[in-house]
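Undergrad: Protein chains in written order, with my numbering: chain A, 1 to 345; chain B, 1 to 345.
Let me give you the structure first, and then I'll get to my questions.
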């Protein structure tokens, strides 16, 4: 499971906890702090938990930074972390900082829950559909952005993407990673989700397999559609199937939730995600604001099977446009303003 | 405070949490795991909390280790951590491991408490006495042990200590660091402790000052006695006041609790620590066993003052013998089989 659930000695309550820490992968320390916080909380959200009682922040400051660099970078990172925690309705009380060769940022999220506050991720049934709440491709976007300064790498992908588009894709990836999965967690209850997980280091197929293995029923997950940040699929192909993005093995950081929902509820789930005014990705630091809800996509189905997961041979790639960018008619054909139907090939 | 206390939405309960992580300081990975666990839990024990609902383990594996080294070292470290958690009556559920240039080991301890499960560290009154539950000198012992292989360092201290004694002091320091402060936490309730903290990185004087500053009453802490692992004071002097051990500034790892107790209760507290059969330092991995309780010392007094702490000019050094070693009559004069009286100079 994404979080551990500890029964307590007090009145049917459980302590649900998770921890995560990693190395910075974006250059903006403030955004990195936000991403780290969103990433930790995501493990709670994957269980349908919408509240967090406390966060601890875990930091290591790089010994290779001079004092001035530290004083510039670390407060911004901490502010990003705290701001995201505040947006999540929780606060950071406690933590620790050490000196280390590399910067580390992460945290611990803890909440004391009643039994119906969380959804055990084990009740998918044949006939459910799979919904994903953020596009894939963050690893490709972050790497492509680094390659702008590495000619031999850039030469491999420059035929399929412009420098400007790389910059936009990188911004898009950052916004997605910094987005809380909190709205999705709340809607999991409303639409009777049967199981969920969040997509991180093992890529969508890795996490889909983990989730399938935990199911009580004999089910299999079949993924038909891959929503991917625009042009990242092309980069992956140009680079010789970079990171296995189209096979679903590319790492994501602070990715979306993969949720098993009853078929008749899924479209409404996606519609409410989009219209929701809580936990908005497009407006980091601002709560609310009309029309900036999150997109979600129906990406596959749950059928009978032996607790495995697969992506079909030629999945439909949904090109997810950069936010705020003007989408041309041609690109817009995959713009996906409403959740696509599942393609049962 | 040593832990954060978060009021919960459920029936007067609080979530108490703490985290700590650091770099290995002893060569034995199993003992290092135990020390890391004892060190994290110590923050709960300092608040008189005797139970822990869950622990997370935080690890980083060094990229400089080859696969064989990793497979030998990391499981031992994890086993040490888990064994200490088990001795503490809790378990490790969750955590994370990353690759890093340096090894990191640490954890998170969480417990959901009722109000009378913990003792807020703010109620010392003039007339209280200060009790310390582990001897000082772990940093000196660990460093002296490293200096056995560094001739220029060893030459500075070899006149005051033998190689064998360094080895014994190092073993003694390891046992002390791996000892849980759990018995002390339980006895804090029994003997009506007014405040406590645990002694770690800031040394005894640093933590005494922190504790003094948190007091509701106008008090000052005055330390008269310094219980120190045998010969470590001599090493510190020979090295030119190494680490400021005699000034109380030498770092400790997983040190004892410094507890403000009513004067009439303190001697009984120390006596029960010694006779206790729970959480024993001398028998790592074994619970219970006659006569292997922990020593505790009355080391100072609480008087009226402005929330500061100091060590008197010529504190009495209590030489704490190595466990199991035969103490000669001469050394035994400071053996301190019973808690010493406070020397009011």
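From the three backbone atoms N, C-alpha and C, an ideal C-beta is built for every residue, glycine too.
Here the structure is a predicted model, which is why all the values come from computation and not from measurement.
Would residue 13 of chain B count as contacting chain A if we go by Cβ distances under 8 Å?
TA: The residue given as residue 13 of chain B occupies position 13 in the second chain. Yes, its Cβ sits closer than 8 Å to a Cβ of chain A.
Undergrad: Taking just the CA atoms, how far does residue 222 of chain A sit from residue 286 of chain B?
TA: For this step, residue 286 of chain B is matched to residue 286 along the second chain. For this step, residue 222 of chain A is matched to residue 222 along the first chain. Confidence at residue 286 of chain B is low in this model, with a pLDDT of 40, below 50, so the placement of that residue is unreliable and no value is reported for it.
Undergrad: Any contact between the stretch 156-164 of chain B and the stretch 236-254 of chain B? By contact I mean 3 or more CB pairs, one from each, below 8 Å.
TA: Contact holds: three or more Cβ-Cβ distances are below 8 Å.
Undergrad: Taking C-beta to C-beta, are residue 205 of chain B and residue 258 of chain B nearer than 8 Å?
TA: Walking along the second chain from the start, residue 205 of chain B turns up at place 205. Walking along the second chain from the start, residue 258 of chain B turns up at place 258. Contact: no.
Undergrad: Is there a Cβ from chain A that is less than 8 Å from the Cβ of residue 347 of chain B?
TA: Look at the range of chain B in this structure, 1 to 345, and you will see that residue 347 of chain B is not part of it.
Undergrad: Whether or not the stretch 133-147 of chain B and the stretch 68-76 of chain B are in contact is what I'm after, with contact meaning three or more pairs of Cβ atoms, one per stretch, closer than 8 Å; do they touch?
TA: In short, these stretches do not touch, since the Cβ pair count stays below three.
Undergrad: Curious, which full-length beta strand (DSSP E) runs of at least 3 residues does the stretch 174-227 of chain B contain?
TA: Runs of the beta strand (DSSP E) inside the stretch 174-227 of chain B: 195-198.
Undergrad: Just mark residue 9 of chain A as buried or exposed, buried being the case when its beta carbon has 16 or more other beta carbons within 10 Å.
TA: Position 9 of the first chain, counted from the first residue, corresponds to residue 9 of chain A. Residue 9 of chain A should be labelled exposed.
Undergrad: Rounding to the nearest angstrom, what Cα-Cα distance links residue 33 of chain A and residue 212 of chain B in this structure?
TA: Taking the first residue of the first chain as position 1, residue 33 of chain A is located at position 33. Taking the first residue of the second chain as position 1, residue 212 of chain B is located at position 212. Each residue's alpha carbon lies about 34 Å from the other.
Undergrad: Where DSSP assigns a beta bridge to residue 11 of chain B, which residues make up the other side?
TA: Here the question's residue 11 of chain B lines up with position 11 in the second chain. Residue 11 of chain B is not bridged to any residue.
Undergrad: Might you give, ordered along the chain, the residues of its own chain that have their beta carbon closer than 6 Å to the beta carbon of residue 272 of chain A, omitting 5 neighbours on each side?
TA: For the purposes of this step, residue 272 of chain A is taken as residue 272 along the first chain, with counting starting at 1. Closer than 6 Å at Cβ, skipping near neighbours: 187.
Undergrad: What is the C-beta distance between residue 253 of chain B and residue 25 of chain B, in whole angstroms, given that I count them as a contact (C-beta under 8 Å)?
TA: Within the second chain, the letter at position 253 stands for residue 253 of chain B. Within the second chain, the letter at position 25 stands for residue 25 of chain B. So it is a contact: roughly 6 Å between Cβ atoms.
Undergrad: For residue 6 of chain A, is the classification buried or exposed, using 16 other Cβ atoms within 10 angstroms of its Cβ as the cut-off for buried?
TA: The sequence position of residue 6 of chain A within the first chain is 6, counting from 1. Classification of residue 6 of chain A: buried, given that the 10 Å Cβ count is 16 or more.
Undergrad: Kindly indicate which three-state DSSP category residue 309 of chain A falls into: helix, strand or coil?
TA: Start at 1 with the first residue of the first chain, and residue 309 of chain A comes out as number 309. Correct three-state label for residue 309 of chain A: strand.
Undergrad: In whole angstroms, what is the alpha-carbon distance linking residue 38 of chain A and residue 179 of chain A?
TA: For this step, residue 38 of chain A is matched to residue 38 along the first chain. For this step, residue 179 of chain A is matched to residue 179 along the first chain. Spanning the two alpha carbons is a distance of roughly 6 Å.
Undergrad: Would you report the Cα separation of residue 278 of chain B and residue 229 of chain A, rounded to the nearest angstrom?
TA: Here the question's residue 278 of chain B lines up with position 278 in the second chain. Here the question's residue 229 of chain A lines up with position 229 in the first chain. For residue 278 of chain B, the predicted model reports a pLDDT of 48, less than 50, meaning its position is unreliable and no value from the coordinates is stated.
Undergrad: What do you get for residue 260 of chain A, buried or exposed, if any count of 16 or more other CB atoms within 10 angstroms of its CB means buried?
TA: For the purposes of this step, residue 260 of chain A is taken as residue 260 along the first chain, with counting starting at 1. So residue 260 of chain A counts as buried.
Undergrad: Between which residues of its own chain and residue 46 of chain A is the CB-CB distance below 8 Å, once the five residues before and five after are set aside?
TA: Counted from its first residue, the first chain places residue 46 of chain A at position 46. Closer than 8 Å at the Cβ level, and outside the excluded window around residue 46 of chain A, lie 2, 3, 121, 181, 185, 196, 197, 198, 257.
Undergrad: From what residue to what residue does the alpha helix (DSSP H) around residue 88 of chain A run?
TA: Position 88 of the first chain holds residue 88 of chain A. Segment: none, residue 88 of chain A is in no alpha helix (DSSP H) and carries neither H nor E.
Undergrad: If we call anything under 8 Å between Cβ atoms a contact, is residue 92 of chain A one with residue 82 of chain A?
TA: Mapped onto the first chain, residue 92 of chain A falls at position 92. Mapped onto the first chain, residue 82 of chain A falls at position 82. Yes; because the gap between Cβ atoms is below 8 Å, this pair is in contact.
Undergrad: Using the beta-carbon of each residue, which ones in chain A are nearer than 7 Å to residue 108 of chain B?
TA: Taking the second chain and counting its residues from 1, the one referred to as residue 108 of chain B is at position 108. Ordered by position in chain A, the residues that pass the 7 Å Cβ test against residue 108 of chain B are 19, 56, 108.
Undergrad: Where residue 64 of chain B and residue 262 of chain A are concerned, what is the direct C-alpha to C-alpha distance, given to the nearest angstrom?
TA: Against the second chain, residue 64 of chain B aligns to sequence position 64. Against the first chain, residue 262 of chain A aligns to sequence position 262. If you take the alpha carbons of residue 64 of chain B and residue 262 of chain A, they lie about 49 Å apart.
Undergrad: Under 7 Å between beta-carbons, which chain B residues line up against residue 221 of chain A? List them in chain order, please.
TA: Your numbering for residue 221 of chain A matches position 221 in the first chain. Residues of chain B passing the Cβ test: none, with the nearest at roughly 25 Å.
Undergrad: For chain B, is any of its Cβ atoms less than 8 Å away from the one on residue 203 of chain A?
TA: Walking along the first chain from the start, residue 203 of chain A turns up at place 203. With 8 Å as the cut-off, residue 203 of chain A does not count as an interface residue toward chain B.
Undergrad: Starting from the beta carbon of residue 100 of chain B, find every residue of chain A whose beta carbon is closer than 9 Å, and list them in chain order.
TA: Taking the first residue of the second chain as 1, we reach residue 100 of chain B at position 100. Simply 23, 60, 100, 101, 102, 104.
Undergrad: Please name the residue, chosen from B:17, B:95, B:126, that lies closest to residue 194 of chain B on a Cα-to-Cα basis.
TA: The count along the second chain starts at 1 and reaches residue 194 of chain B at position 194. Minimum Cα distance to residue 194 of chain B is reached at B:126.
Undergrad: So, for residue 50 of chain B: in the same chain, excluding its five sequence neighbours on each side, which residues have a beta-carbon less than 7 Å away from its beta-carbon?
TA: Stepping through the second chain from its first residue, residue 50 of chain B is reached at position 50. Closer than 7 Å at Cβ, skipping near neighbours: 182, 185, 186.
Undergrad: Does the Cβ of residue 251 of chain A have 16 or more other Cβ atoms within 10 Å, making it buried, or fewer, making it exposed?
TA: As a first step, residue 251 of chain A must be located in the first chain, where it is residue number 251. Flag for residue 251 of chain A reads buried.
Undergrad: Rounded to the nearest angstrom, how far is the Cβ of residue 61 of chain B from that of residue 44 of chain B, given a contact under 8 Å?
TA: One-based indexing of the second chain puts residue 61 of chain B at position 61. One-based indexing of the second chain puts residue 44 of chain B at position 44. Actually they are not in contact, since the Cβ atoms of residue 61 of chain B and residue 44 of chain B sit about 27 Å apart, beyond 8 Å.
Undergrad: Write down every uninterrupted run of the beta strand (DSSP E) in the stretch 90-121 of chain B whose length is 3 residues or greater and which is fully enclosed by it, in chain order.
TA: If we require 3 residues or more, the beta strand (DSSP E) runs fully inside the stretch 90-121 of chain B come out as 92-100, 104-113.
Undergrad: Given that residue 365 of chain B touches chain A, what residues does it touch there, using C-beta distances under 8 Å?
TA: Residue 365 of chain B is absent from the model: chain B starts at 1 and stops at 345.
Undergrad: Can you pull the DSSP bridge partners for residue 300 of chain A?
TA: The sequence position of residue 300 of chain A within the first chain is 300, counting from 1. Residue 300 of chain A is bridged to A:130, A:223.
Undergrad: Using the three-state DSSP reduction, which class does residue 161 of chain A fall into: helix, strand or coil?
TA: Here residue 161 of chain A is taken as the residue at index 161 of the first chain, counted from 1. If DSSP states are grouped into helix, strand and coil, residue 161 of chain A belongs with coil.
Undergrad: Does residue 128 of chain A pass the burial test, meaning 16 or more other C-beta atoms within 10 Å, or should it be called exposed?
TA: Locating residue 128 of chain A in the first chain gives position 128, counting from the first residue. Buried, by the Cβ-count rule.
Undergrad: Which word fits residue 337 of chain A, buried or exposed, when buried means at least 16 other C-beta atoms lie within 10 angstroms of its C-beta?
TA: Residue 337 of chain A sits at position 337 when you count from the first residue of the first chain. Bear in mind that a pLDDT of 40 at residue 337 of chain A, under 50, signals an unreliable position, so the number given afterwards is only what the model happens to contain. That one is exposed.
Undergrad: Does any CB atom of chain B fall closer than 8 Å to the CB of residue 8 of chain A?
TA: Locating residue 8 of chain A in the first chain gives position 8, counting from the first residue. Closer than 8 Å: yes.
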